[in-house]
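Reviewing the structure listed below.
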Amino acid sequence: MHTHHSRKASDLIVPIPKSIEDWEGTFRLHPRIAIAAEKGFEAVHQLALELFGCKAGGEDILFKYQAGMEQEAYILTISKVQIVIKAGTDEGAFRGLSTIRKLALLTDNQLPCCKVEDSPTFAWRGYMVDCSRHQFSIAFLKKLIDVASLFHLNRFHWHLTDDQGWRIPLDGWPKLESIASKRTELQYTDGRTYGRLYSKEEILDLQAYAHARHVLVVPEIETPGHASALLAAYPEFGCTGGPYETQDRWGIFEEVMCAGSDELIGFLGDAITQIAELFSSPYIHIGGDECPHAAWQQCPRCQERMRQLGLTDARYLQSWMTSKVCEMVHNAGKQPIGWDEVLEGTEQLGLPKDLIVMSWRGVQGGLEATRRGHQVIMCPNTAGCYFDYKHLDSEEEMGTLGVSTLNQVAHFSCVPDSLQAQAKAYVLGSQGNLWTEKVTTSRQAEYLMFPRLMMLAQQLWKPEDAGKVLQSKSTLTQLCDALDLACYRGE
Ligand code: ACM
Ligand code: ZN
């Protein structure tokens, strides 16, 4: 008899549900039970059959339609003889399925009986993985999506272009594959290169996998900075014409997209049209962070663009670029997202109203964006949302640039107290960001993401209970073990 069999559901489920009652007894999940679903739940039914290795027919587990429920809400009852998941949508039913899966993982399939009524606090519950600096396999990205969906996360922000590599396949631009996707590894002397494009098949396959788990895959194309890889392939898109190289070092590079180049603008229009077709996400992230303007100040084409537009400062030229790229995103039928630098240099031209601002350099950008009427995603590197930072302030720990402790994540609030009630409605949610300059393997990525991402999931689902999760941290590490995830185990 394992002691954990007697643990209560209310001690095991993370994110802790909005409401939970513990009941007497357990329900044993095994391959001979049958799962049924009412009309409208075909997708979640199929997934449940696959995940539990069960057959259809009987009603040991039943997905039941209930009118009037919110999009992601579910009511789960586990009695000794039956599990019932009530929801109004496939998505709500899927959240209920995830709760069952977590209980099964922690109890050797002896689910403690309970009643759960649950729904999220925030709509945007995400994580970002940088696949430019280091490229992760589709198999690993699927593993992350599956795990994220177990914790009710619903956004995978896929960082696909940067100085060190371009990963999006685009018809008509062959040098993206031959040059922009490859970097020479300078720490070796044998000229070896690293990286490739993801194929369209891989991208579509990953999205299908994610969408079955109600995770939206949101692509990012960096503009106008962090573009060395693109410029190496197409030097005419830069201010000096190059030569440029796909970077093996990391940092902020002065070589950026030439805002005066009509060829560059033409390329971006085509790229965004193709990205909009390849990705079903209603959002496209357009980057916008860390773009130095020194090259623009020296560039006759950029200077000419500024003269034509009557712009008196190179900072304003970036906001022109932002507006131009947003227009392309709109033309492709999508909504743009940008890092918080998009708010700068906007005195002359302003910003498109529907641009969602991702606040990363603290929460100030996010606060200002809400004042200006923009929707916001809060992922401040100052408050636990940067998972490339160390877990602990020690030279022995992996990670770079800063420290984000689990405790910090447990105390993070994506709606600061100072925010007016009216402005709070502009905050969509948050995400954890994993930059991968020094993350070369999937095991390292896991170690940095977990258990911080699970705590962030709690923050976005029911923030009031984050402290409680911190106190029962061992549940998080048990889940990581059950899911074969490397994780940090310290304080
Ligand atoms: C960022 O971390 N440069 C968005
Ligand atoms: Zn230029």
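According to the working numbering, the residues represented by the sequence shown are 1108 to 1598, in order.
Positions of the beta carbon are idealized from the N, C-alpha and C atoms, including for glycine.
Beta carbon of residue i nearer than 8 Å to that of residue j
{"i": "histidine 1392", "j": "proline 1326", "result": "yes"}
{"i": "tyrosine 1364", "j": "alanine 1334", "result": "Residue identity check: residue 1364 is methionine in the sequence provided, not tyrosine. Yes, these two residues count as a Cβ contact at 8 Å."}
{"i": "glycine 1203", "j": "glutamine 1173", "result": "no"}
{"i": "glycine 1395", "j": "glycine 1445", "result": "yes"}
{"i": "alanine 1150", "j": "aspartate 1197", "result": "yes"}
{"i": "proline 1138", "j": "glycine 1160", "result": "yes"}
{"i": "leucine 1323", "j": "asparagine 1261", "result": "yes"}
{"i": "glutamate 1337", "j": "alanine 1287", "result": "One point to set straight first is that residue 1337 is leucine, not glutamate, in the sequence displayed. Yes; because the gap between Cβ atoms is below 8 Å, this pair is in contact."}
{"i": "glycine 1536", "j": "phenylalanine 1258", "result": "no"}
{"i": "glutamate 1553", "j": "leucine 1499", "result": "no"}
{"i": "histidine 1400", "j": "alanine 1421", "result": "yes"}
{"i": "histidine 1152", "j": "alanine 1141", "result": "no"}
{"i": "glycine 1147", "j": "glutamate 1179", "result": "no"}
{"i": "alanine 1366", "j": "methionine 1428", "result": "yes"}
{"i": "valine 1534", "j": "valine 1483", "result": "yes"}
{"i": "glutamate 1370", "j": "alanine 1402", "result": "no"}
{"i": "aspartate 1495", "j": "leucine 1416", "result": "no"}
Exposure of residue i, with buried meaning 16 or more beta-carbon neighbours within 10 Å
{"i": "leucine 1277", "result": "buried"}
{"i": "aspartate 1461", "result": "exposed"}
{"i": "threonine 1110", "result": "Any reading at threonine 1110 is ruled out, since the residue's pLDDT is 48, under 50, leaving its predicted position unreliable."}
{"i": "valine 1121", "result": "buried"}
{"i": "methionine 1108", "result": "In this predicted model, methionine 1108 has a pLDDT of only 42, less than 50, meaning its place in the structure is not dependable; the value taken from the coordinates is given anyway. Exposed is the call here."}
{"i": "proline 1558", "result": "buried"}
{"i": "glutamine 1242", "result": "buried"}
{"i": "tyrosine 1595", "result": "buried"}
{"i": "aspartate 1297", "result": "exposed"}
{"i": "lysine 1531", "result": "exposed"}
{"i": "proline 1443", "result": "buried"}
{"i": "methionine 1505", "result": "exposed"}
{"i": "glutamine 1294", "result": "exposed"}
{"i": "threonine 1268", "result": "buried"}
Proximity winner among the options, relative to residue i (alpha-carbon distances)
{"i": "lysine 1115", "options": "Thr1548, Leu1218 and Val1470", "result": "Leu1218"}
{"i": "cysteine 1492", "options": "Arg1479, Gly1509 and Thr1477", "result": "Gly1509"}
{"i": "arginine 1135", "options": "Leu1183, Ala1141 and Lys1187", "result": "Lys1187"}
{"i": "lysine 1193", "options": "Ile1168, Asn1216, Thr1214 and Asp1215", "result": "Ile1168"}
{"i": "glutamine 1471", "options": "Asn1488, Pro1459 and Leu1456", "result": "Asn1488"}
{"i": "glutamate 1571", "options": "Ala1517, Ile1275 and Ser1239", "result": "Ala1517"}
{"i": "histidine 1264", "options": "Leu1251, Gly1417 and Gln1271", "result": "Leu1251"}
{"i": "glutamate 1177", "options": "His1152, Ser1226, Glu1157 and Pro1281", "result": "Ser1226"}
{"i": "leucine 1183", "options": "Lys1146, Glu1224 and His1152", "result": "Glu1224"}
{"i": "histidine 1266", "options": "Met1562, Arg1596, His1321 and Gly1539", "result": "Gly1539"}
{"i": "glycine 1473", "options": "Glu1329, Thr1133, Ile1207 and Gln1527", "result": "Gln1527"}
{"i": "aspartate 1237", "options": "Leu1283, Glu1329 and Ile1190", "result": "Glu1329"}
{"i": "glutamate 1475", "options": "Ser1525, Gly1506, Gln1515 and Leu1158", "result": "Ser1525"}
{"i": "arginine 1274", "options": "Ser1239, Gly1298 and Leu1567", "result": "Ser1239"}
{"i": "glutamate 1434", "options": "Val1483, Gly1373 and Leu1513", "result": "Gly1373"}
{"i": "tyrosine 1423", "options": "Gln1404, Ser1388 and Gly1440", "result": "Gln1404"}
{"i": "glutamate 1166", "options": "Val1191, Trp1467, Leu1154 and Arg1412", "result": "Val1191"}
{"i": "leucine 1513", "options": "Thr1477, Gly1574 and Gln1455", "result": "Gly1574"}
{"i": "alanine 1383", "options": "Ser1368, Val1432 and Thr1353", "result": "Val1432"}
{"i": "aspartate 1355", "options": "Glu1411, Gly1302 and Gln1410", "result": "Gly1302"}
{"i": "arginine 1208", "options": "Ser1430, Asp1269, Ile1463 and Ser1256", "result": "Ser1256"}
{"i": "glutamine 1314", "options": "Gly1279, Phe1344, Asp1377 and Asp1253", "result": "Asp1253"}
{"i": "histidine 1468", "options": "Thr1543, Gln1410, Ser1205 and Asp1447", "result": "In the sequence as presented, histidine is not what sits at residue 1468; that position holds arginine. Answer by Cα proximity: Asp1447."}
Distance cut-off 7 Å: residue i Cβ against heavy atoms of ligand 1
{"i": "aspartate 1500", "result": "no"}
{"i": "tryptophan 1467", "result": "yes"}
{"i": "tryptophan 1446", "result": "yes"}
{"i": "tryptophan 1357", "result": "no"}
{"i": "aspartate 1396", "result": "yes"}
{"i": "tryptophan 1265", "result": "no"}
{"i": "tryptophan 1273", "result": "no"}
{"i": "tryptophan 1568", "result": "no"}
{"i": "tryptophan 1427", "result": "no"}
{"i": "tryptophan 1542", "result": "yes"}
beta-carbon residue i near ligand 2 non-hydrogen atom, thresh 7 Å
{"i": "tryptophan 1403", "result": "yes"}
{"i": "arginine 1408", "result": "yes"}
{"i": "cysteine 1365", "result": "yes"}
{"i": "cysteine 1433", "result": "no"}
{"i": "serine 1368", "result": "yes"}
{"i": "isoleucine 1346", "result": "For the record, residue 1346 in the displayed sequence is cysteine; it is not isoleucine. Answer for cysteine 1346: yes, Cβ within range of ligand 2."}
Within-8 Å CB hit, residue i to chain B
{"i": "glutamate 1329", "result": "In the structure shown, chain B does not exist; there is a single protein chain."}
Segments assigned beta strand (DSSP E), at least 3 residues, entirely inside the segment 1195–1252: 1217–1225 and 1231–1237
Just to confirm the assignment: which complete beta strand (DSSP E) runs, minimum length 3, are found wholly within the segment 1319–1368? 1323–1330
Note down, one range per segment and in chain order, each beta strand (DSSP E) of at least 3 residues found wholly within the segment 1468–1511. 1483–1485
Uninterrupted alpha helix (DSSP H) stretches inside the segment 1243–1299 (no shorter than 4 residues): 1245–1257
Please go through the segment 1434–1468 and give each complete beta strand (DSSP E) segment of 3 or more residues, from N-terminal end onward. 1442–1446 and 1463–1466
Which full runs of the alpha helix (DSSP H) of 4+ residues lie inside the segment 1108–1161, going along the chain? Complete alpha helix (DSSP H) runs here, min 4: 1149–1159.
Start-end ranges of the alpha helix (DSSP H) lying completely within the segment 1385–1419, minimum 4 residues: 1401–1405 and 1407–1416
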